[in-house]
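Working notes, beginning with the structure itself.
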Amino acid sequence: FHTAPVRSLFLLRPVPILLATGGGYAGYRQYEKYRDRKLEKLGLEIPPKLASRWEVSLYKSVPTRLLSRACGRLNQVELPYWLRRPVYSLYIWTFGVNMTEAAVEDLHHYRNLSELFRRKLKPQARPVCGLHCVTSPSDGKILTFGQVKNSEVEQVKGVTYSLESFLGPRAFTEDLPFPPASSFRNQLVTREGNELYHCVIYLAPGDYHCFHSPTDWTIAHRRHFPGSLMSVNPGMARWIKELFCHNERVVLTGDWKHGFFSLTAVGATNVGSIRIHFDRELHTNSPRYSKGSYNDLSFVTHANKEGILMRKGEPLGEFNLG
Amino acid sequence: STIVLIFEAPKDFNFRLKAGQKIRFGEALGSL
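As structure tokens, this is what we get:
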């Protein structure tokens, strides 16, 4: 130790420290998993382990928007004809894409990965259920659903987020004759005896990424929240409370036959851009935005008092890479 | 990416779902 040249001392020091801390952290995580399995065997409910404030801040400091835009640019590079089949076949194999449902199955048709991502389906590939009043707006996995108690919504079982942070303050098209209701939830429920319901659908990378109207309704208002583009996979939704309130999202609100109705498209790292077919003014994943801001747009005009009428199953928008 | 539906409906609205299930566009989510 005493005879080693000074340079090698500096070289040696970081390596064992990193190994020791990394090994210690990994060992602690393994112990936590072992302990949780023991508790599960005893039939005890394990509270979800949420990220601490510094872990969320650390994750939010990752330039996900920049990465997302860079990834988007890369995916818009036109591939040479001979390279399309091997590249797209790798993507299809990796994410389990079902090309037999695509309107165009020939891979050479898609000039770049972005076009393959925005592929349309054959009309008969997704018949829209006529019996039930609410149908799924997209392909995906049901993360959670149910009644909204108080003003907290579950993002996955046991992890909630604030309804008011997620939708933002109620935009009333006309002045209310009475003071707003006590809780935010009660401001949304417009009819006596009604309840507020929610459903969260996670779209995996290989899923069909267009979304459609889930019911017959009129869309009166759009609110765009610029924000982070953290991953929203189920594991992250279990780990980061208020995840959906951090991320970039587009909230469409309006009315259906039973009152208030809203659909929110939440972006993610690889899918930073959200398009709404009838909303030309919407620009998501822009380089600059001010934290906590949102942009409103009303679709109610003098000519069109109701807003935009949407039929169940009608194309509404799409997620894009980048 | 994720889609979140939040809506009001009468008390007897029922979801036809199980958490974790796969679903496809156009399939039933729920009804009265």
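Here the protein sequences line up with chains A and B, keeping their order.
Residues in the first sequence are numbered consecutively from 1, following the working numbering.
Residues in the second sequence are numbered consecutively from 1, following the working numbering.
We treat Cβ as the ideally placed atom computed from N, Cα and C, and that holds for glycine.
Between which two residues does the beta strand (DSSP E) containing residue i stretch?
| i | result |
| --- | --- |
| Phe-260(A) | 259 to 266 |
| Pro-315(A) | 315 to 320 |
| Asn-75(A) | Careful: Asn-75(A) lies outside any beta strand (DSSP E), inside the alpha helix (DSSP H) at 64 to 75. |
| Val-232(A) | Where Val-232(A) is concerned, there is no enclosing beta strand (DSSP E), given that its DSSP letter is neither H nor E. |
| Ser-298(A) | 295 to 298 |
| Asn-304(A) | Element bounds for Asn-304(A): n/a, residue is neither H nor E. |
| Cys-199(A) | 194 to 202 |
| Arg-118(A) | Per DSSP, Arg-118(A) belongs to no beta strand (DSSP E) and is neither H nor E. |
| Arg-275(A) | 273 to 276 |
| Phe-7(B) | 2 to 10 |
| His-212(A) | 210 to 212 |
Check the Cβ of residue i against every Cβ in chain B and list those closer than 9 Å, keeping chain order.
| i | result |
| --- | --- |
| Tyr-208(A) | Arg-24 and Phe-25 |
| Thr-336(A) | Given a span of 1 to 322 for chain A in the structure shown, any question on residue 336(A) remains unanswerable. |
| Arg-126(A) | Arg-24, Phe-25, Gly-26 and Glu-27 |
| Lys-149(A) | By Cβ distance, chain B contributes nothing, its closest Cβ being about 13 Å from Lys-149(A), past 9 Å. |
| Val-271(A) | Ser-1 |
| Trp-54(A) | Per Cβ cutoff of 9 Å: no residues; Trp-54(A) is ~25 Å from chain B at best. |
| Pro-169(A) | Those do not exist, as Pro-169(A) stays about 15 Å from chain B at its closest Cβ, beyond 9 Å. |
| Val-134(A) | Leu-5, Phe-7, Ala-9, Phe-13, Phe-15, Ala-28, Leu-29, Gly-30 and Ser-31 |
Let's test the definition: count the other Cβ atoms within 10 Å of the Cβ of residue i and tell me whether it reaches 16, buried, or not, exposed.
| i | result |
| --- | --- |
| Val-62(A) | exposed |
| Ile-201(A) | buried |
| Gly-227(A) | buried |
| Gly-72(A) | buried |
| Arg-215(A) | The displayed chain sequence assigns Thr, not Arg, to residue 215(A). Buried is the call here. |
| His-209(A) | buried |
| Ala-70(A) | exposed |
| Glu-174(A) | Model confidence at Glu-174(A) stands at a pLDDT of 48, short of 50, so the residue's coordinates are unreliable; what they give is reported in the following sentence. Burial call: exposed. |
| Gln-333(A) | Nothing can be reported for residue 333(A): it is not among the residues displayed for chain A, which extend from 1 to 322. |
| His-74(A) | Contrary to the premise, residue 74(A) reads as Leu rather than His in this sequence. Answer is exposed; the Cβ neighbour count stays below 16. |
| Asn-150(A) | exposed |
| Arg-126(A) | buried |
| Trp-256(A) | buried |
| Ala-102(A) | buried |
| Pro-287(A) | exposed |
| Glu-248(A) | buried |
| Trp-317(A) | Reading the sequence as shown, one finds Gly at residue 317(A) and not Trp. Burial call: buried. |
| Glu-8(B) | buried |
| Pro-177(A) | Bear in mind that the predicted position of Pro-177(A) carries a pLDDT of just 47, short of 50, making it unreliable; the figure below should be weighed with that in mind. Answer is exposed; the Cβ neighbour count stays below 16. |
List, in chain order, every chain B residue whose beta-carbon is nearer than 7 Å to that of residue i.
| i | result |
| --- | --- |
| Phe-319(A) | Ser-1 |
| Val-104(A) | Simply none; closest approach about 18 Å. |
| Asn-285(A) | Within 7 Å Cβ-Cβ: nothing; Asn-285(A) doesn't reach chain B, min ~12 Å. |
| Asn-295(A) | Ordered by position in chain B, no residue passes the 7 Å Cβ test against Asn-295(A), which lies about 19 Å from the chain. |
| His-212(A) | Phe-25 |
Measuring only between beta-carbons, confirm whether residue i sits less than 8 Å from chain B.
| i | result |
| --- | --- |
| Asp-175(A) | Confidence at Asp-175(A) is low in this model, with a pLDDT of 47, below 50, so the placement of that residue should be treated as unreliable; the coordinate-derived value is given next. It does not: the Cβ of Asp-175(A) has no partner Cβ on chain B nearer than 8 Å. |
| Gly-307(A) | no |
| Tyr-202(A) | yes |
| Ala-303(A) | no |
| Cys-199(A) | yes |
| Trp-239(A) | no |
| Arg-191(A) | yes |
| Asn-75(A) | no |
| Pro-226(A) | no |
| Val-15(A) | no |
| Ala-51(A) | no |
| Lys-122(A) | no |
| Trp-256(A) | yes |
| Cys-129(A) | yes |
| Lys-157(A) | yes |
Can you confirm whether residue i, when its beta carbon is compared against all beta carbons of chain A, has any partner nearer than 8 Å?
| i | result |
| --- | --- |
| Leu-32(B) | yes |
How far does the alpha helix (DSSP H) with residue i in it extend, from its first residue to its last?
| i | result |
| --- | --- |
| Ser-57(A) | 53 to 60 |
| Leu-19(A) | 14 to 41 |
| Gln-124(A) | Unbroken run through Gln-124(A): none, as it is neither H nor E. |
| Arg-84(A) | 81 to 95 |
| Leu-107(A) | Here Leu-107(A) belongs to no alpha helix (DSSP H), and DSSP marks it neither H nor E. |
| Leu-188(A) | 184 to 188 |
| Ser-165(A) | 163 to 167 |
Mind listing the chain B neighbours of residue i? Cutoff is C-beta to C-beta under 8 Å, in chain order.
| i | result |
| --- | --- |
| Pro-137(A) | Ile-3, Leu-5 and Phe-25 |
| Thr-144(A) | Ala-19 |
| Ala-268(A) | Ser-1 and Thr-2 |
Stretch-stretch touch, CB-based, cutoff 8 Å, three pairs: the region 212 to 225 of chain A with the region 272 to 282 of chain A: Taking a cut-off of 8 Å on C-beta distances, the region 212 to 225 of chain A touches the region 272 to 282 of chain A, as three or more cross pairs fall below it.
Using 8 Å as the cut-off, can you tell me whether the region 13 to 28 of chain B makes contact with the region 291 to 305 of chain A, which would need three or more C-beta pairs spanning the two stretches below that distance? Not touching, per the Cβ criterion.
For the pair the region 269 to 276 of chain A and the region 246 to 256 of chain A, tell me if three or more CB-CB distances fall below 8 Å. Put simply, the region 269 to 276 of chain A touches the region 246 to 256 of chain A. At least three CB pairs are less than 8 Å apart.
Flag this pair as touching only if the region 84 to 101 of chain A and the region 109 to 117 of chain A have three or more C-beta atom pairs under 8 Å; answer yes or no. yes
Does the region 157 to 164 of chain A come close enough to the region 104 to 113 of chain A to have 3 or more Cβ pairs within less than 8 Å? The region 157 to 164 of chain A, when compared against the region 104 to 113 of chain A, does not touch it at the 8 Å Cβ threshold.
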